[in-house]
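As structure tokens, the structure follows; a few thoughts come after it.
In the working numbering, the protein residues as written are 346 to 813.
This is the structure we're talking about:
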């Protein structure tokens, strides 16, 4: 056999035995126009949905326009019927009934709609040295130093003393004031710069600048700048200082979603973890009208702090909803769970060449290679992980390949560098075969995160194929 023939045999062997993930832009460059168009709606969604309440509100608006009606446990089930369940305005479940009986299982797709942010403490407003400030308590895992000198907006909801609910939003509309956390000038920061990076700004230094003008009349007030801030809030929202104790006020970056790069190939915005999966799951849910299996899309709260609470996946929220479905159909909940499959739709860390030392390149996800199939999350020895079975991995890989969805697999980073979790373990604990599938993200948990438009679009395609 000649060397030339041997080389051909080696090439054939390599093609048959070796595997590599595809690059969407190289394989299907014509897909970028579709991805770009899809992401215009995505960017609009991000700008309207900067908190979990706003995310539920906007998702519900879109779902209602698509024909979803409020869930009624007594209503008849028939293929194509669409319903929603709004849990306290902070999580949302969408169901579309399929052709197969419920006892044969459902297709769960679960994404979380909360993101790292700064919450106000229960008694937040104070005056110090002629400035009015808010005390905050950060929510979720953040690098605290990233939040200094970033323009912030005020969002939330207040229940006034008379029971009236008032939505709060300051800093999003053109011409509205914004807020900021000050940082120490470089000229005086010698000691500050000797701190560990994680203490560049400490938790109790994340104080938001509220105002500097005192309230003035013939009286002499102890805290006139604080009083002026309270007056302005009272004029706009009817609030008093006591009402902060009946409020959920969050501060988030004011920045709008924008295109990133000369080629406009990426989206930059706050809150893409995990609203990128919320939006793609929502779009897939509304476009599948008569699925084979009943689809249940859950947009859940509290994932960033462990999924606890009555709007998170560690609660009985989903179980109670599914019990209502089962009661009407005559199925047993345990049978439904056992025969179901679930996508834990959450993001993963995109490989960043600037910080390559924390990634294990062979098992990292890359921009423009499609949604990331993540067999397990957790920390170090896979703690707090679902760890999908070989059978589950095979099932999900098959449906993507059968539907021409370019995908990839990846871990969060090197084994001993850290870790993180998703809602997958909570569904696994319910006896549901579950795996993570979501968008790779650069600068995850920062006030400004980056995704690839092609990855966003192909994640939507993957979810749509899963539902069908």
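Idealized CB from N, CA, C, for every residue including glycine.
Query	Result
Along the chain, where does the beta strand (DSSP E) that runs through residue 437 open and close?	436-441
Does the separation of the CB atoms of residue 481 and residue 464 fall below 8 Å?	yes
Give the secondary structure of residue 771 by DSSP, where H, G and I count as helix, E and B as strand, and everything else as coil.	helix
Give the DSSP bridge partners of residue 596, in chain order.	463 and 499
Give me the Cβ distance between residue 692 and residue 784, rounded to the nearest whole Å; I'm assuming they're in contact under 8 Å.	5 Å
Can you give the beta carbon distance from residue 723 to residue 766, rounded, assuming they're within the 8 Å contact cut?	6 Å
Does DSSP put residue 407 in a helix, in a strand, or in coil?	helix
Does the distance from the C-beta atom of residue 705 to that of residue 759 stay below 8 Å?	yes
Take residue 605 and list the residues in its own chain whose beta-carbon comes closer than 8 Å to its own, dropping the five residues that flank it on each side.	611, 612, 613 and 795
Thinking C-beta only, is residue 715 closer than 8 Å to residue 681?	no
Mind checking which residues open and close the alpha helix (DSSP H) that includes residue 388?	376-393
Quick check on residue 533: buried or exposed, where buried means 16 or more other Cβ atoms within 10 Å of its Cβ?	exposed
Beta-carbon within less than 7 Å of residue 559's beta-carbon, same chain only, minus the 5 sequence neighbours each way: which residues are those?	569, 570 and 573
Between the alpha carbons of residue 594 and residue 553, how many angstroms are there, rounded?	12 Å
Indicate whether the contact test is met: 3 or more Cβ pairs, each with one atom in the segment 622-633 and one in the segment 436-454, closer than 8 Å.	yes
Can residue 802 and residue 379 be called in contact, C-beta distance under 8 Å?	yes
I need the boundaries of the beta strand (DSSP E) containing residue 432, first residue and last residue.	427-432
Cα-Cα, which of 423, 770, 672 and 476 is closest to residue 557?	476
Would the segment 382-393 count as touching the segment 771-789 if we require 3 or more Cβ pairs under 8 Å?	no
Would you kindly check if the distance between the Cβ of residue 618 and the Cβ of residue 786 is under 8 Å?	yes
Could you check where the alpha helix (DSSP H) with residue 811 kicks off and where it finishes?	798-812
Between 353, 622, 788 and 589, which has its C-alpha nearest residue 469's C-alpha?	589
Go through its chain and collect everything with a Cβ distance to residue 748's Cβ below 6 Å, but skip five positions before and after it.	810
Is residue 708 closer than 8 Å to residue 756 when the C-beta atoms are compared?	yes
If you draw a straight line from the C-alpha of residue 392 to the C-alpha of residue 488, how long is it?	23 Å
For a test of the three-state rule: what should DSSP assign to residue 655, helix, strand or coil?	coil
Excluding sequence positions up to five away, which residues of its chain have a Cβ less than 6 Å from the Cβ of residue 591?	504
Confirm, please, whether the CB-CB distance from residue 430 to residue 442 is below 8 Å.	no
Is residue 751 helix, strand or coil when you go by DSSP?	coil
Residue range of the alpha helix (DSSP H) that residue 582 falls in?	569-582
Could you tell me which residues DSSP puts in a beta bridge with residue 778?	686
Looking only at C-alpha atoms, which of 770, 492, 711 and 498 sits nearest to residue 549?	492
Return helix, strand or coil for residue 785, following the three-state DSSP convention.	strand
Bridge partners of residue 468, per DSSP?	Paired residues: none, contrary to the question.
Would you kindly check if the distance between the Cβ of residue 446 and the Cβ of residue 599 is under 8 Å?	no
Given residue 633, which residues of its chain have a CB within under 7 Å of its CB, disregarding the five upstream and five downstream residues?	441, 640, 809, 812 and 813
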